[in-house]
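A.B. asks: Take a look at the following structure, please.
In my numbering, the protein residues as written are 1 to 68.
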């Protein structure tokens, strides 16, 4: 079964950022791929758009309560 997971490299060890259902001592083949600039930019764009949408909802909600 193939699966893509995110890991963090700390102290010379790759540490998964999510729980893995593996047996102790189980060996795996790991492909290391850094994030490309495009992937990072796309992720931050989505987060920024979500932040803008959240702020607009909050502001619009405040406006209704002021004028009602």
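C-beta atoms are modelled at their ideal positions from N, C-alpha and C, and glycine is treated no differently.
Using only alpha-carbon positions, find the residue among 16, 38, 53, 55 that is nearest to residue 30.
C.D. replies: 16
A.B. asks: By how many angstroms is the C-alpha of residue 24 removed from the C-alpha of residue 56?
C.D. replies: Distance between the alpha carbons of residue 56 and residue 24: 48 Å.
A.B. asks: Out of 2, 4, 3, 32, which has the shortest C-alpha to C-alpha gap to residue 13?
C.D. replies: For residue 13, the nearest C-alpha among the options comes from 32.
A.B. asks: How big is the Cα-Cα spacing for residue 18 and residue 58?
C.D. replies: Spanning the two alpha carbons is a distance of roughly 32 Å.
A.B. asks: Where residue 38 and residue 45 are concerned, what is the direct C-alpha to C-alpha distance, given to the nearest angstrom?
C.D. replies: 10 Å
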